[in-house]
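Note that the sequence shown covers residues 733 to 1021 in the working numbering. One structure is given below, encoded as structure tokens.
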Amino acid sequence: METQDQAERFSGILLMFGSAAAFSTIGLFTRLTSLPLPDVVFIRGLFGAVAIWVVARVFTQQRVTDPVNFRWPALAVAALFTIGMTSLVAAYRVGSVVNVSVVYATVPIMVGIIQVLVLRRRMPSAVFWLCSAGVVVGVAIMSGAGLTGGDVLGMSLALLMTLCVAGVILVSRHNRDTPMLAASGLACLLSSAITAPFVADWTFPPGEFVICALFGIVTLGLGRVFLVLGSSRVPSRDAALIDVLDAPLTPVWTWVFLGLVPSLYGVLGGLVVIAAVLVGVRYNEEETT
């Protein structure tokens, strides 16, 4: 039994690493497209939904119309994804990327606070809090002198996204018997429906359309699928820590594809984040559920 649990946890950790890698490309795709925000969210949501539903059908035999997809945990994940996906893309557009990244790095802390204050779980270990703080410090170092004040809207949207991701991780973990993939696809479709009235011109340039389609397939079709599957197999605190690895991975993609060399602060801060995550996953106490 212990071996089976260890194998499940290991596979969950790999899935969470995959989620962080896929989600870290959001900065690259945001830079690659110049379409208005509603256009980006609309196209991204459509292709994200299709990608997720294909994965759900091929690998889990789930159908979108299955009654189990309409239980409250699945609907809650769908709602959280819808709000979170839209708010983060908007945060990157209207706010400082640095400020948004630092706020989002507090995901592990949010998970710990919610578990203690709302779910009445036992207090996380000192290692967890130290590693969570290390993640935030590492992301702050990555920003160099880029942190700014007055970015109220951008940081508020980033905080909303952070709370949504924490909610997805906790709901997925504590409702492992409820399929979540089809609900995630529904969330993508809802984000497209919400932004459709604001699309000004439906004649999308082919190149921009392809970029936004890949945006949805990679960050939603892969990233969110890995997040849902991975967070149901590992303790929520581990999932939250690993999820923040997208911060040090983001500049890697822009370096490889756009030639934007990371700064010394970016490299040092990224190493701090990676070290904090690895220590946290290695020494974090196991959850009982």
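For each residue, glycine too, the CB sits at the ideal point set by N, CA and C.
query, result
"Hey, out of GLN847, VAL1004, GLY962 and PHE947, whose CA is closest to MET817's CA?", "PHE947"
"Among residues of its own chain, excluding the 5 on either side of VAL843, which ones have a beta-carbon nearer than 7 Å to its beta-carbon?", "ALA898, ILE901, LEU902, SER968, ARG969 and ALA972"
"So what's PRO799 in DSSP terms, helix, strand or just coil?", "helix"
"Three Cβ pairs or more, each shorter than 8 Å: is that satisfied between the stretch 764–784 and the stretch 992–1009?", "no"
"I think VAL834 touches SER875, with their Cβ atoms under 8 Å apart; what is that distance to the nearest whole Å?", "6 Å"
"Take every Cβ of the stretch 884–891, pair it with every Cβ of the stretch 845–856, and state whether three or more of those distances are shorter than 8 Å.", "no"
"So, with DSSP's three-state summary, where would you put ALA788?", "helix"
"Checking 7 Å against the spacing of the C-beta atoms, do VAL868 and ALA890 come in under that value?", "no"
"Check whether the stretch 747–764 touches the stretch 924–935, counting contact only when three or more Cβ pairs, one atom from each stretch, lie closer than 8 Å.", "no"
"Taking all protein chains shown into account, decide if ARG956 is buried (16 or more other Cβ within 10 angstroms of its Cβ) or exposed.", "buried"
"How big is the Cα-Cα spacing for GLY1089 and LEU760?", "Examination of residue 1089 is not possible in this model, given that the chain is present from 733 through 1021 alone."
"To the nearest angstrom, report how far apart SER828 and LEU961 are at their CA atoms.", "31 Å"
"Thinking C-beta only, is LEU764 closer than 7 Å to ILE943?", "yes"
"Below 8 Å on the Cβ atoms is my contact criterion, and I expect VAL809 with SER916 to pass it. Report the Cβ-Cβ distance as a whole number of Å.", "6 Å"
"Specify the secondary structure class of ARG908 as computed by DSSP and reduced to three states.", "coil"
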